[in-house]
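Protein chains in written order, with the numbering used here: chain A, 1 to 368; chain B, 369 to 593.
Note that beta-carbon positions come from the ideal geometry of N, C-alpha and C, so glycine has one too.
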Ligand SMILES: Nc1nc2c(ncn2[C@@H]2O[C@H](COP(=O)(O)OP(=O)(O)OP(=O)(O)O)[C@@H](O)[C@H]2O)c(=O)[nH]1
Ligand SMILES: [Mg+2]
């Protein structure tokens, strides 16, 4: 039997080659899971959400039971700290919600148009912490304290033989504002005062990039996860998309690549109109992560010789499908995508996914 | 089980219109119960709701549960866990459970403003236990149409494309000229959909809801699924 250390090495090698679009013994499988692990191991979601440490322990427990996966996307659940990512409130089980209900982003107009000026004049780091604390009632210091456990959480997964796909996560800056203003108001702002929005975004982007660069140098991750959460082509006209989404994806990815790290771009929704833009990245330096809404065959056709592709197993299939359907779907993806493909969930595996379906997905990758 | 899905961009007026449709359906049901059985004091809807509304939690207008419980509605809320996922799977699970347990005459589903009601209907049709056709009603905000068609053209156009009925809402906030332009544009995207102008903040004539529900067949001869 292989030791955990040997397993980790084998999986890391398989993964590294896949990122570089090189030949491997088999397709790696990386699960994007959180709430599912609580359901799987019989832990209440309220307990699961109580801390970074607890969610991480539960996730590791669950993954160990699932067996031969190469790794997980994140080493802990990010739902409870969504305010730091989306600048919006989150309702958490055991606090605002019953013990076994999944967390829910509670988006409303919490940021005002005047806040754009504050950000422009005083800077993002002088605005954001007090906004989180005072306006959203979010325990920012508490969250930072909890996040200090993240390196240990990653270490625990590694010690158990699993790799953690993206130890570092960032978001395209427009998401801060669309979450804080609410998507609806943000779109109105883009129509009525695009220059103001852009000026604020430039300030945030500059600070964000600098901070991210420092984090990359400190953590030295293999992959950085960039989420343009609602940046899909379908949500923006071509002109606005180029100006308010792509620009920030590109700048962020370029910096990450410049630091010698692979950039994962988490492309939820349908990006078909704009796939050609992604040809801008050098071979093996970026991952296109898709959730079933963008036709993966189109991604493969346009970007397959350049970008690693990750994801695509639809959330709905994992909840509603049968193990045979899941197995067939995953097997077909593995065959059709060839090297440079990571079998993974399209966005997070739903908490109510069927365990047999998760096992079928793993079996498709491992051949066991 | 008659199913209607309400789609339409954030804040278009989906919840406001659903509330109006809900009270129309409840009143219709009350009348029918009284006509059919004058003696029966205990209405059957008290045991199992006549109508279930499935709401996404995010929304400007919440549904006041107190009003609803008294009227034979029941509201279910759906939680996403993530900003981007469109919930179709959870919705199917919930709908199947409702079909097994509550067996209401009507189910009204409110989509999030960024979802495609047609995609949701596809998932429901593929995995759902219901057998009746699903009707898709897309609500368009007349005042914001021009803006949203410029900012997010794929989204708002696809929402219209998939509709059986397009409700052109908030006509109190837009000039007739603008409304006509919106209607023309909607017609060019989806010629076969029925288009109805209205205002969710005012009174909505019963004829609008009769049109939408009547076409579904079982609103007059109440059949159990
Ligand atoms: N003036 C005017 N306001 C309306 C009309 N219909 C709805 N509203 C208002 O528009 C706002 C949004 O209405 P909702 O019914 O919550 O819209 P929704 O589509 O359910 O919104 P979300 O669930 O947030 O996507 C509320 O403040 C309503 O009172 C209308 O016809 N005219
Ligand atoms: Mg609503």
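{"Check": "Tell me where the beta strand (DSSP E) around residue 252(A) begins and ends.", "Outcome": "Counting along the chain, residue 252(A) falls outside any beta strand (DSSP E), though it belongs to the alpha helix (DSSP H) covering 247-258."}
{"Check": "Residues of the segment 513-533 of chain B in Cβ contact with chain A at a cutoff of 8 Å, in chain order, please.", "Outcome": "515, 516, 518, 519, 520, 521, 522, 523 and 526"}
{"Check": "Ordered along the chain, which non-local residues of its own chain (more than five positions away) have a Cβ less than 6 Å from that of residue 180(A)?", "Outcome": "87, 110 and 111"}
{"Check": "Compare the beta carbon distance of residue 140(A) and residue 342(A) with 9 Å and say whether it is the shorter of the two.", "Outcome": "no"}
{"Check": "Taking buried to mean at least 16 other C-beta atoms within 10 Å of its own C-beta, is residue 499(B) buried or exposed?", "Outcome": "exposed"}
{"Check": "Assign residue 370(B) to one of three DSSP states: helix, strand, or coil.", "Outcome": "strand"}
{"Check": "With 16 other CB atoms within 10 Å as the buried threshold, where does residue 571(B) fall?", "Outcome": "exposed"}
{"Check": "Return no unless some Cβ of chain A is closer than 9 Å to the Cβ of residue 443(B).", "Outcome": "no"}
{"Check": "Cutting at 6 Å between CB atoms, please list the residues of its own chain near residue 369(A), excluding the five before and the five after it.", "Outcome": "It is not possible to answer for residue 369(A), since the shown part of chain A is limited to 1 through 368."}
{"Check": "Hey, out of 262(A), 322(A), 338(A) and 331(A), whose CA is closest to residue 356(A)'s CA?", "Outcome": "322(A)"}
{"Check": "Residues of chain A with CB under 9 Å from residue 461(B), in chain order?", "Outcome": "319, 320 and 352"}
{"Check": "Span of the alpha helix (DSSP H) holding residue 492(B)?", "Outcome": "485-495"}
{"Check": "Can you round the beta-carbon distance between residue 232(A) and residue 268(A) to whole angstroms, since I take them to be within the 8 Å contact cut?", "Outcome": "6 Å"}
{"Check": "Whole-angstrom Cβ separation of residue 386(B) and residue 374(B), contact assumed at under 8 Å?", "Outcome": "6 Å"}
{"Check": "Within 9 Å of any Cβ in chain B, is that where the Cβ of residue 356(A) sits?", "Outcome": "no"}
{"Check": "Hey, is residue 552(B)'s beta-carbon within less than 9 Å of any beta-carbon in chain A?", "Outcome": "no"}
{"Check": "Suppose the cutoff is 6 Å on Cβ atoms and the five residues either side in sequence are ignored; what does the same chain contact list for residue 62(A) look like?", "Outcome": "37, 40 and 41"}
{"Check": "Quick one, are the C-beta atoms of residue 344(A) and residue 289(A) less than 9 Å apart?", "Outcome": "yes"}
{"Check": "Pick helix, strand or coil for residue 530(B), following the three-state DSSP scheme.", "Outcome": "coil"}
{"Check": "Could you check how far apart the C-beta atoms of residue 216(A) and residue 168(A) are, in whole angstroms? I think they sit under 8 Å.", "Outcome": "7 Å"}
{"Check": "Any chance the CB of residue 424(B) is under 8 Å from a heavy atom of ligand 4?", "Outcome": "In the structure shown, ligand 4 is absent; the only ligands present are ligand 1 and ligand 2."}
{"Check": "Given the structure, does residue 179(A) come close to ligand 1, in the sense that its CB is under 8 Å from one of the ligand's heavy atoms?", "Outcome": "no"}
{"Check": "Counting Cβ pairs, one atom from each stretch, are 3 or more of them under 8 Å apart for the segment 196-207 of chain A and the segment 483-490 of chain B?", "Outcome": "no"}
{"Check": "Check for me: the beta strand (DSSP E) holding residue 572(B) runs from which residue to which?", "Outcome": "That residue, residue 572(B), is in no beta strand (DSSP E); it is neither H nor E in DSSP."}
{"Check": "Any beta-carbon of chain B closer than 9 Å to the one on residue 94(A)?", "Outcome": "no"}
{"Check": "Counting only runs of 3+ residues fully inside the segment 140-202 of chain A, write out the beta strand (DSSP E) ranges in chain order.", "Outcome": "168-171"}
{"Check": "Output yes if chain A places a C-beta closer than 9 Å to the C-beta of residue 457(B); else output no.", "Outcome": "yes"}
{"Check": "So for residue 124(A), helix, strand or coil by DSSP?", "Outcome": "coil"}
{"Check": "Would the beta-carbon of residue 530(B) be found less than 8 Å away from any heavy atom of ligand 2?", "Outcome": "no"}
{"Check": "Any heavy atom of ligand 2 inside 8 Å of the beta-carbon of residue 172(A)?", "Outcome": "no"}
{"Check": "Can you tell which of 213(A), 270(A), 227(A) and 119(A) has the C-alpha that lies nearest to the C-alpha of residue 258(A)?", "Outcome": "213(A)"}
{"Check": "Hey, is residue 383(B)'s beta-carbon within less than 9 Å of any beta-carbon in chain A?", "Outcome": "no"}
{"Check": "Less than 8 Å between the CB of residue 478(B) and some heavy atom of ligand 2, yes or no?", "Outcome": "yes"}
{"Check": "At the 9 Å Cβ level, is residue 234(A) part of the contact set with chain B, yes or no?", "Outcome": "yes"}
{"Check": "Determine whether the Cβ of residue 491(B) lies closer than 9 Å to any Cβ atom of chain A.", "Outcome": "yes"}
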